[in-house]
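**Q** A single structure is presented below for examination.
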Amino acid sequence: MRVRKAREADAAILCAAERETARIPGRLLSQPHEFHEAAFARKIGELAQAGSYLVVERDGAVVAHGLLEPAATIAAIAHVVTLTIVVHPGHTGQGIGTVLLRALQDWAQNNVGVERVELRVRASNEAAIHLYKKFGFAEESRFYKRAKLADGSFIDDIGMTWFPAADRRAQT
Ligand SMILES: CC(C)(COP(=O)(O)OP(=O)(O)OC[C@H]1O[C@@H](n2cnc3c(N)ncnc32)[C@H](O)[C@@H]1OP(=O)(O)O)[C@@H](O)C(=O)NCCC(=O)NCCS
5 MRVRKAREAD AAILCAAERE TARIPGRLLS QPHEFHEAAF ARKIGELAQA
55 GSYLVVERDG AVVAHGLLEP AATIAAIAHV VTLTIVVHPG HTGQGIGTVL
105 LRALQDWAQN NVGVERVELR VRASNEAAIH LYKKFGFAEE SRFYKRAKLA
155 DGSFIDDIGM TWFPAADRRA QT
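Under the numbering used here, think of the first position of the sequence shown as 5, with each following residue one higher.
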């Protein structure tokens, strides 16, 4: 397994993987038709300047991607980044998410300007919540009925956070 920076040429694979993942109700917020290759390429380009966009390759094929994206450009929240992680269909449950999240946390720990990493996960996504807790993320908030599925039912979102600065202090 190899972790490397995403390239704009990866956009089609990443977009297809998110589209496929989004077919499972309650996984991703967007629906399959709401993913566009051009948006993936644009984001990869943007995060090459400010943030981190990584992919995992196994046997030469891209099997997962994850990103840490600055929350905003205003000064008061310039220390905040948002985490997204997607292990591609057919590759989950094989330790790939663990490898990817470790690499993203390493990046955050090595960037002293990053002091808060946040995410939102569907409350029904037990695998993801388990993974995040394993890496020190704590549940911070609950967003009731934030996701509405195609059948009209709702799922709550859980807000989770991890503070790299606290981890840096613990290691010194
Ligand atoms: C959630 C996700 C990132 C986890 O990555 P993964 O590669 O499948 O996870 P790993 O194989 O590294 O396993 C991580 C941990 O989760 C546990 N786990 C795996 N599936 C689980 C499940 N269904 N329920 C509870 N825990 C589970 C593993 O046992 C492991 O824990 P351990 O190390 O304590 O044994 C991945 O499944 C995924 O991308 N799913 C689709 C997209 C998604 O849901 N993204 C998150 C959106 S917020």
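Every residue gets a Cβ at the ideal spot worked out from N, C-alpha and C, and that includes glycine.
By the three-class DSSP mapping on this structure, what secondary structure does residue 93 have?
**A** On the sequence shown, residue 93 is found 89 positions in, with the first residue counted as 1. In the structure shown, residue 93 sits in coil (DSSP, three-state: anything other than H, G, I, E or B).
**Q** Is the separation between the beta-carbon of residue 21 and that of residue 125 shorter than 8 Å?
**A** Taking the sequence shown and counting its residues from 1, one reaches residue 21 at position 17. Taking the sequence shown and counting its residues from 1, one reaches residue 125 at position 121. Not in contact: residue 21 and residue 125 (Cβ atoms no closer than 8 Å).
**Q** Excluding the 5 residues flanking residue 55 on each side, which residues of the same chain have their C-beta closer than 8 Å to its C-beta?
**A** One-based indexing of the sequence shown puts residue 55 at position 51. Hits under 8 Å: 71, 72, 73, 74, 85.
**Q** With 16 other CB atoms within 10 Å as the buried threshold, where does residue 46 fall?
**A** By 1-based counting over the sequence shown, the position of residue 46 is 42. Answer is exposed; the Cβ neighbour count stays below 16.
**Q** Compute the distance between the beta-carbons of residue 151 and residue 162, then report whether it is under 8 Å.
**A** By 1-based counting over the sequence shown, the position of residue 151 is 147. By 1-based counting over the sequence shown, the position of residue 162 is 158. No, the pair does not count as a contact, with Cβ atoms beyond the cut-off.
**Q** Closer than 8 Å is the cut-off here; do at least three beta carbon pairs connect the stretch 130–146 with the stretch 111–119?
**A** Cβ pair count under 8 Å is below three, so no.
**Q** How about residue 31: is its Cβ closer than 7 Å to a heavy atom in ligand 1?
**A** Within the sequence shown, numbered from 1, the residue matching residue 31 stands at position 27. It does: the Cβ of residue 31 is within 7 Å (strictly closer) of some heavy atom of ligand 1.
**Q** Pick helix, strand or coil for residue 29, following the three-state DSSP scheme.
**A** The count along the sequence shown starts at 1 and reaches residue 29 at position 25. In this structure, residue 29 counts as coil in the three-state DSSP scheme.
**Q** Specify, as a first and last residue, the run of the alpha helix (DSSP H) that residue 119 falls within.
**A** Taking the sequence shown and counting its residues from 1, the one referred to as residue 119 is at position 115. Run containing residue 119: none; DSSP gives neither H nor E here.
**Q** Consider the C-beta atom of residue 130 and the heavy atoms of ligand 1; say whether any pair is separated by less than 7 Å.
**A** Counted from its first residue, the sequence shown places residue 130 at position 126. For ligand 1, at least one heavy atom lies less than 7 Å from the Cβ of residue 130.
**Q** Residue 7 to residue 106, Cα distance in whole Å?
**A** Against the sequence shown, residue 7 aligns to sequence position 3. Against the sequence shown, residue 106 aligns to sequence position 102. Approximately 10 Å between the Cα atoms of the pair.
**Q** Starting from residue 36, trace the alpha helix (DSSP H) both ways and give me its first and last residue.
**A** To locate residue 36, count along the sequence shown from 1; it is residue 32. That residue, residue 36, is in no alpha helix (DSSP H); it is neither H nor E in DSSP.
**Q** Please work out which residues of its chain come closer than 8 Å, Cβ to Cβ, to residue 130, disregarding the five sequence neighbours upstream and downstream, and give them in chain order.
**A** In the sequence shown, the residue the question calls residue 130 occupies position 126. Nothing listed; no residue qualifies.
**Q** What residues match up with residue 9 in a beta bridge as DSSP calls it?
**A** Working through the sequence shown from its first residue, we reach residue 9 at position 5. Its beta-bridge partners are 58.
**Q** Is the shortest distance between the beta-carbon of residue 161 and the beta-carbons of chain C less than 8 Å?
**A** Among the chains in the structure shown there is no chain C, since it carries only a single protein chain.
**Q** Skipping 5 residues on each side, what residues in its chain have a beta carbon closer than 7 Å to that of residue 16?
**A** Here residue 16 refers to the residue found at position 12 when the sequence shown is read from its first residue. Answer for residue 16: 41, listed in chain order.
**Q** On the criterion of 16 or more Cβ atoms from any shown chain inside 10 Å, does residue 48 qualify as buried, or is it exposed?
**A** Start at 1 with the first residue of the sequence shown, and residue 48 comes out as number 44. Classification of residue 48: buried, given that the 10 Å Cβ count is 16 or more.
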